[in-house]
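**Q** There's a structure below that I have some questions on.
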Amino acid sequence: MRLHRLAVTAFGPFGGTQTVDFDALSAAGLYLLHGPTGAGKTSVLDAVCYALYGSVPGARQSGGQGANLRSDHAAPATRTEVALELTVAGRRLEITRRPPWERPKKRGSGTTLDKAQTWLREYDAATGAWKDLSRSHQEIGEEITQLLGMSREQFCQVVLLPQGDFARFLRADAEARGKLLGRLFDTRRFAEVEKRLAERRRVTEARVRDGDAELLADAHRMQQAAGDTMDLPELSPGDPGLADAVLSAAAVARSTAREQLAVAHSRLTAAESARAAADRALDDVRELARLQRRFREARERAGRLAERAEDNRRAQRRMERGRKAEAVAPALDLRESADAAHRRATAEEAHARALLPDRFADAGAAGLAAAARRTAEELGGLESARRAEQRLARLVAERADLDRQERADEDVRQEAEAWLADWEALRAGLQTRIDAAQEAATRAEQLAVQREPARRRLTAARQRDRLALDADDAQRQALASAERAVEARAHWLDLKEQRLTGIAAELAAHLTDGEPCAVCGATEHPAPARKVAGHVDRDAEERALAACRRAEERRSEDERRLGAVREALAAATAEAGDAPAAELAAEAEQLEREYTRARDAASGLHAAQEELRRAEQERERRVAVRQEAAVRAASRVGHRERLDRERAALEEELARARGALDSVAARAAELERQVALLTDAADRARAAEDTAQRLKEADARLADAAFRAGFDTPRDAAAALLDDAAHRELQHRLDAWHAEEAAVRAVFTEAGTATAAQAPPADVTAAEQALAEADRRLRDAVSARDAAARRCAELDRLSARATASVRRLGPLREEHERIARMAGLAAGTSADNERKMRLESYVLAARLEQVAAAATARLQRMSSGRYTLVHSDDRTGRGRSGLGLHVVDAWTGRERDTATLSGGETFFASLALALGLADVVTDEAGGVRLDTLFIDEGFGSLDDQTLDEVLDVLDSLRERDRSVGIVSHVADLRRRVHAQLEVVKGRSGSVLRQRG
506 MRLHRLAVTA
516 FGPFGGTQTV
526 DFDALSAAGL
536 YLLHGPTGAG
546 KTSVLDAVCY
556 ALYGSVPGAR
566 QSGGQGANLR
576 SDHAAPATRT
586 EVALELTVAG
596 RRLEITRRPP
606 WERPKKRGSG
616 TTLDKAQTWL
626 REYDAATGAW
636 KDLSRSHQEI
646 GEEITQLLGM
656 SREQFCQVVL
666 LPQGDFARFL
676 RADAEARGKL
686 LGRLFDTRRF
696 AEVEKRLAER
706 RRVTEARVRD
716 GDAELLADAH
726 RMQQAAGDTM
736 DLPELSPGDP
746 GLADAVLSAA
756 AVARSTAREQ
766 LAVAHSRLTA
776 AESARAAADR
786 ALDDVRELAR
796 LQRRFREARE
806 RAGRLAERAE
816 DNRRAQRRME
826 RGRKAEAVAP
836 ALDLRESADA
846 AHRRATAEEA
856 HARALLPDRF
866 ADAGAAGLAA
876 AARRTAEELG
886 GLESARRAEQ
896 RLARLVAERA
906 DLDRQERADE
916 DVRQEAEAWL
926 ADWEALRAGL
936 QTRIDAAQEA
946 ATRAEQLAVQ
956 REPARRRLTA
966 ARQRDRLALD
976 ADDAQRQALA
986 SAERAVEARA
996 HWLDLKEQRL
1006 TGIAAELAAH
1016 LTDGEPCAVC
1026 GATEHPAPAR
1036 KVAGHVDRDA
1046 EERALAACRR
1056 AEERRSEDER
1066 RLGAVREALA
1076 AATAEAGDAP
1086 AAELAAEAEQ
1096 LEREYTRARD
1106 AASGLHAAQE
1116 ELRRAEQERE
1126 RRVAVRQEAA
1136 VRAASRVGHR
1146 ERLDRERAAL
1156 EEELARARGA
1166 LDSVAARAAE
1176 LERQVALLTD
1186 AADRARAAED
1196 TAQRLKEADA
1206 RLADAAFRAG
1216 FDTPRDAAAA
1226 LLDDAAHREL
1236 QHRLDAWHAE
1246 EAAVRAVFTE
1256 AGTATAAQAP
1266 PADVTAAEQA
1276 LAEADRRLRD
1286 AVSARDAAAR
1296 RCAELDRLSA
1306 RATASVRRLG
1316 PLREEHERIA
1326 RMAGLAAGTS
1336 ADNERKMRLE
1346 SYVLAARLEQ
1356 VAAAATARLQ
1366 RMSSGRYTLV
1376 HSDDRTGRGR
1386 SGLGLHVVDA
1396 WTGRERDTAT
1406 LSGGETFFAS
1416 LALALGLADV
1426 VTDEAGGVRL
1436 DTLFIDEGFG
1446 SLDDQTLDEV
1456 LDVLDSLRER
1466 DRSVGIVSHV
1476 ADLRRRVHAQ
1486 LEVVKGRSGS
1496 VLRQRG
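Just so we're aligned, residue 506 is where the sequence shown starts under the numbering used here, counting upward by one.
If you want it as structure tokens, here you go:
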């Protein structure tokens, strides 16, 4: 990596734009960055780090994306920007970053926040031009990290050698040193190996113990199933001999259980035979008891039939009288229905007449019907007004629906805009670094940026063509209005002149004898002027003046409209140019096709790109939804105006139709109610007359039917009539009596029943007790046989399960022992690990040994061959070993701790360690060449000789084509180092001066 050029604007202490030419500084190999304390030396390094990684080193980073990096000396309208030009991995790149900026609003007061921006360009030597690569924060960060092979922390530790950090690293304990080395060399994978081994050890141990616990649980289940026949010693998971003891006890229990099952089978066979004999005896006794009970019940039923014989004869007579009355039933039903209908019609007629005005109290059915016809004719005359009123209600509802649609479209638009506002962040999160699709994705982004200007030009061109026609119309209308204004003014001036000509007659009209003239003062008026035909009075002149003013206002309005149309036309022409709309439409369509092809080429290479494509489709859909909402809003404007005009016309018509009432509907409702009441009353009156006639006819038919059936009066016939329930109940009683009589006779004629009645009473209880005893013995035998069978099956099942568990636990236990040995070795807890060193510490110790060897090569030169850095893996106190660092003093031949070095010795030892670490990290990062280094402070602690030796070491870095920048305010360095970058601070901010 080699830096070429750095430009900062409104960054840190620099209020304006400052530029650093690293090519000129690096030509000398060693250059000095100096200036007063607080001038901004470190801010130059911060700018390099911010350009590469979007953040500054250490505690100076705050606010996220550099929100607090803006210079307090910068002008409000100047935006903070850092641009860095560098070569890395053979590619010349330019990175430009702008942090978030809270700038003043262009309109109104207050501020607005502009988002952070980032550009990455690459110099194409073939064309001699810069080519845009990306504008995505994430893409650029990943690209730079991949090219450099280092994270921000590694870069700050290897390239920007910080103040005091390596002195602390030199003196740090093993834990602190391990944390720093772990960040630089990323040894998390080795720590993950330790964690995975420990987790696998816990898992296998748990599986072994679970297997032992399962085997022991099966043994206890076998002991429970076998009862007292199985003896099991006291055992626990992990005990030796557990499997043999369980299998031996299970074999003994199975043999005993099979002997018990054979005995239970024999007892069950004897119990089944005894139970069958008792069951047959019980069936015989129960049949005898049933026949004896049946004979007794038949004699009791015969006695009850004799007692109810008279009731049966009365029921038969009642049934015969009811059958005669059934012939009169239709006439009775007809008379009752006619009477009910007449009473109902009379009540309804009275109710309907009560709702009418008093003038209809004595009117007959015909009079009421005539009044209803007259009111209906009047109602028909309002039908047109009612339709208009209904149309008005629909218009109001349609107008409200338009408002609801407008609110719904506004919600849709706001939702789309809210989603689109987060589009860039969403797209940046989904974009992936796929080399094969990079060019297509970049082309798609460029075309996406060009689409909107092309659309705006096309829209402006169409608006330009439309406004050109509107301008012609507006010009013609303005000319016509001007001519009418001139004519109106000429007419007013003519009338005014005519009035002045005949003003004498107008004044003479007010003269009175004896009163002085308003013009000459004479009290006599011998010959007053007279008005001639066509005289113009004051009212005529004022009307002409009003018409003239209206014409002037109309002319001014048309001229203003013409000016507005021309201004809009000029704006549209400026936006669209002179290109025809068809040509711009073809260009926009071509641009859209190219954009579609580029987007399709970038899709399908990776799952993340597929997700990005769906997000872009969602964005397009949101844009389309927003545009459709705007189109619908525009179309509703004309629709709303048409509805308003129609509503005004309908309201004018209804105002004439409804008269004194609030609405036509109220007037129509009143007439409808009168028509309904009159019609109903007429219908009720005719119904009452008809039901009275039908009632009279029903009475005559009823009297004739009762006489024909043998009843003296209709009342007697009604009393003898049976309803359905009474008829069914009476018939049921007669049928039941006859059926009972037949059943009793049948029982008395049965031969078996009579024979059983002569035998002794049957003893069912004794037979049931004998059967219950036989059932109990059979159940006991079955239970004993089933228990023995279940015991055998359960013992067989558990024995097979225990045998399978013993086979399965063998390999599992071996695997657990192997993994436990490996986990203990990696964690440093095993006896095989003599130094108790963890795997991650072992890897870091190897890296530290490489760093110490690389640092020693420079430390010996800086110390004139006296000091050597060595790695120590000795344990410190009760801790673990592996990350110790000692210095060997060649003068004494002793190895001692680095904390015993003096201040100057500590500095050049730390510097040598930093340079050695830079070499190792560079090799670890894939061999990325680091041609630029910065060393921040510490030279003030060196004497002259040591300073010369340190500078010689730094100057020797040029042999590897490196350039080293020293950040220091030591005055002696300005004499020794000729290439310098000076930071000069002032009240308006710091500035940079470069020389050498």
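In this text, a Cβ means the ideal position worked out from N, Cα and C, and glycines have one as well.
From Ala-995, Arg-1060, Glu-1354, pick the residue whose C-alpha is nearest to that of Leu-1050; which is it?
**A** As a first step, residue 1050 must be located in the sequence shown, where it is residue number 545. Here the closest residue by C-alpha is Ala-995.
**Q** Nearest CA to the CA of Arg-1147: which residue from Glu-1123, Arg-1060, Leu-907?
**A** Here residue 1147 refers to the residue found at position 642 of the sequence shown. Comparing Cα positions, the closest option is Leu-907.
**Q** May I ask you to list the residues that DSSP assigns as paired with Arg-608?
**A** Counting from one through the sequence shown, the residue named residue 608 turns up at place 103. Partner(s): Thr-617.
**Q** Can you give the Cα-Cα distance for Leu-1067 and Ala-976, rounded to whole angstroms?
**A** Position 562 of the sequence shown, counted from the first residue, corresponds to residue 1067. Position 471 of the sequence shown, counted from the first residue, corresponds to residue 976. Looking at the two C-alpha atoms, the distance is approximately 6 angstroms.
**Q** Using a Cβ-Cβ cutoff of less than 6 angstroms, which residues in the same chain neighbour Thr-514 once the five nearest sequence positions on both sides are dropped?
**A** The sequence position of residue 514 within the sequence shown is 9, counting from 1. Contacts found: Thr-522, Glu-586.
**Q** Could you check how far apart the C-beta atoms of Arg-657 and Tyr-558 are, in whole angstroms? I think they sit under 8 angstroms.
**A** Mapped onto the sequence shown, residue 657 falls at position 152. Mapped onto the sequence shown, residue 558 falls at position 53. Indeed they touch by this definition, with Cβ atoms about 4 angstroms apart.
**Q** Return the CA-CA distance between Asp-1394 and Leu-702, expressed in angstroms with no decimal places.
**A** Position 889 of the sequence shown, counting from 1, holds the residue named residue 1394. Position 197 of the sequence shown, counting from 1, holds the residue named residue 702. So the two alpha carbons sit approximately 42 angstroms from each other.
**Q** Cutting at 8 angstroms between CB atoms, please list the residues of its own chain near Arg-1370, excluding the five before and the five after it.
**A** In the sequence shown, the residue the question calls residue 1370 occupies position 865. Here the sequence assigns Gly to residue 1370, which means Arg is not the residue at that position. So the list reads Ala-1395, once near-sequence residues are dropped.
**Q** Residues bridged to Leu-1497 by DSSP?
**A** Here residue 1497 refers to the residue found at position 992 when the sequence shown is read from its first residue. Answer is Val-1488, bridged to Leu-1497.
**Q** Cα separation between Gly-569 and Ser-560?
**A** Start at 1 with the first residue of the sequence shown, and residue 569 comes out as number 64. Start at 1 with the first residue of the sequence shown, and residue 560 comes out as number 55. Here the model assigns Gly-569 a pLDDT of 49, short of 50, so the residue's position is not dependable, and the following value carries that caveat. So the two alpha carbons sit approximately 8 angstroms from each other.
**Q** Could you check if Ala-1153 is buried or exposed, using at least 16 other CB atoms within 10 Å of its CB as the buried criterion?
**A** The sequence position of residue 1153 within the sequence shown is 648, counting from 1. The residue in question, Ala-1153, is exposed, as its Cβ has fewer than 16 Cβ neighbours within 10 Å.
**Q** May I ask which residues mark the beginning and end of the beta strand (DSSP E) holding Leu-1226?
**A** What you label residue 1226 is simply residue 721 of the sequence shown in a count that begins at 1. Counting along the chain, Leu-1226 falls outside any beta strand (DSSP E), and DSSP gives it neither H nor E.
**Q** Using DSSP's beta-bridge definition, name the partner residues of Phe-516.
**A** For the purposes of this step, residue 516 is taken as residue 11 along the sequence shown, with counting starting at 1. Phe-519, Arg-575.
**Q** According to DSSP, which residues form a beta bridge with Trp-624?
**A** Looking up residue 624 in the sequence shown gives position 119. BP columns for Trp-624 point to Thr-601.
**Q** Three or more beta-carbon pairs under 8 angstroms between the stretch 1301-1312 and the stretch 811-829, yes or no?
**A** No, the stretch 1301-1312 is not in contact with the stretch 811-829.
**Q** By Cβ distance below 8 angstroms, which residues in the same chain neighbour Arg-938 in space, the five residues on each side in sequence not counted?
**A** Translated into the one-based positions of the sequence shown, residue 938 becomes position 433. In this prediction, Arg-938 has a pLDDT of 49, which is less than 50 and means its spatial position is unreliable; what the coordinates show is noted afterwards. Contacts found: Glu-644, Glu-647, Glu-648, Gln-651.
**Q** What are the uninterrupted segments assigned as beta strand (DSSP E) that are 3 or more residues long and contained completely in the stretch 1386-1429, given in chain order?
**A** Runs found: 1389-1394, 1399-1402.
**Q** Just mark Gln-968 as buried or exposed, buried being the case when its beta carbon has 16 or more other beta carbons within 10 Å.
**A** Position 463 of the sequence shown, counting from 1, holds the residue named residue 968. When all chains shown are included, Gln-968 counts as buried.
**Q** With burial defined as no fewer than 16 other Cβ atoms inside 10 Å of the residue's Cβ, what is the status of Thr-1196: buried or exposed?
**A** One-based indexing of the sequence shown puts residue 1196 at position 691. Thr-1196 is buried by the Cβ-count criterion.
**Q** Looking only at C-alpha atoms, which of Gly-683, Gln-797, Glu-777 sits nearest to Thr-1354?
**A** Counting from one through the sequence shown, the residue named residue 1354 turns up at place 849. First, the residue type needs correcting, since residue 1354 is Glu and not Thr in the sequence shown. Minimum Cα distance to Glu-1354 is reached at Gly-683.
**Q** In terms of alpha-carbon separation, which member of Asp-1042, Thr-524, Phe-519, Pro-518 lies closest to Arg-510?
**A** Position 5 of the sequence shown, counting from 1, holds the residue named residue 510. Minimum Cα distance to Arg-510 is reached at Thr-524.
**Q** Leaving out five residues on either side along the sequence, give the residues of the same chain with a beta carbon under 7 angstroms from the beta carbon of Glu-1099.
**A** Reading the sequence shown from its first residue, position 594 is the one you call residue 1099. Counting only Cβ-Cβ distances below 7 angstroms, and skipping sequence neighbours, we find Leu-952.
**Q** Please return the same chain residues whose Cβ sits closer than 7 angstroms to the Cβ of Arg-1498, not counting the five positions on each side in sequence.
**A** By one-based count along the sequence shown, residue 1498 stands at place 993. Glu-1487, Val-1489, listed in sequence order.
**Q** Compute the distance between the beta-carbons of Asp-914 and Ala-1138, then report whether it is under 8 angstroms.
**A** In the sequence shown, the residue the question calls residue 914 occupies position 409. In the sequence shown, the residue the question calls residue 1138 occupies position 633. Yes, Cβ-Cβ distance for Asp-914 and Ala-1138 is below 8 angstroms.
**Q** Rank Arg-608, Glu-1057, Lys-610, Glu-805 by C-alpha distance to the C-alpha of Glu-1245 and give the top, closest one.
**A** Numbered from its first residue, the sequence shown carries residue 1245 at position 740. Nearest option by C-alpha distance: Glu-805.
**Q** Count the other CB atoms, across all protein chains shown, that sit within 10 Å of the CB of Glu-974; report buried if there are 16 or more and exposed otherwise.
**A** The residue labelled residue 974 in the question sits at position 469 within the sequence shown. According to the sequence as given, residue 974 is Leu; it is not Glu. Exposed, because fewer than 16 other Cβ atoms sit within 10 Å of the Cβ of Leu-974.
**Q** With DSSP run on the structure shown, which of helix, strand or coil describes Thr-1006?
**A** Translated into the one-based positions of the sequence shown, residue 1006 becomes position 501. If DSSP states are grouped into helix, strand and coil, Thr-1006 belongs with the helices.
**Q** Which residues in the same chain have their Cβ closer than 6 angstroms to the Cβ of Ala-966, if we skip the five residues on either side of it in sequence?
**A** Taking the first residue of the sequence shown as 1, we reach residue 966 at position 461. Cβ neighbours of Ala-966 beyond the five flanking positions: Ala-1081, Ala-1086, Leu-1089.
**Q** Using CA coordinates, which residue listed in Ser-1495, Gln-1485, Asp-1436 is at the minimum distance from Ser-1468?
**A** Taking the first residue of the sequence shown as position 1, residue 1468 is located at position 963. Checking every option, the nearest Cα to that of Ser-1468 belongs to Asp-1436.
**Q** With DSSP collapsed to three states, give me the class of Phe-527.
**A** Residue numbering aside, residue 527 sits at position 22 when the sequence shown is read from its first letter. In this structure, Phe-527 counts as helix in the three-state DSSP scheme.
**Q** Once you ignore the five residues that flank Ala-754 on each side, which residues in its own chain have a CB closer than 6 angstroms to its CB?
**A** Here the question's residue 754 lines up with position 249 in the sequence shown. So the list reads Met-735, Leu-737, once near-sequence residues are dropped.
**Q** Okay, do the stretch 704-724 and the stretch 1312-1329 touch, 3+ Cβ pairs below 8 angstroms being the bar?
**A** Verdict: yes, contact present.
**Q** Could you check which residue in Leu-1227, Asp-1188, His-578 has the C-alpha nearest to that of Ala-868?
**A** Here residue 868 corresponds to residue number 363 of the sequence shown, with the count starting at 1. Here the closest residue by C-alpha is Asp-1188.
**Q** Looking only at C-alpha atoms, which of Val-553, Ala-783, Pro-958, Phe-519 sits nearest to Leu-508?
**A** The count along the sequence shown starts at 1 and reaches residue 508 at position 3. Measuring from the Cα of Leu-508, the nearest candidate turns out to be Val-553.
**Q** I need the straight-line Cα distance from Leu-1478 to Ala-930, nearest angstrom please.
**A** Here residue 1478 refers to the residue found at position 973 when the sequence shown is read from its first residue. Here residue 930 refers to the residue found at position 425 when the sequence shown is read from its first residue. So the alpha carbons of these two residues sit roughly 48 angstroms apart.
**Q** Helix, strand or coil for Gly-568? Go by DSSP, reduced to three states.
**A** Your numbering for residue 568 matches position 63 in the sequence shown. Low confidence applies here, because Gly-568 scores a pLDDT of 48, under 50, leaving its location unreliable and the question unanswered by this model.
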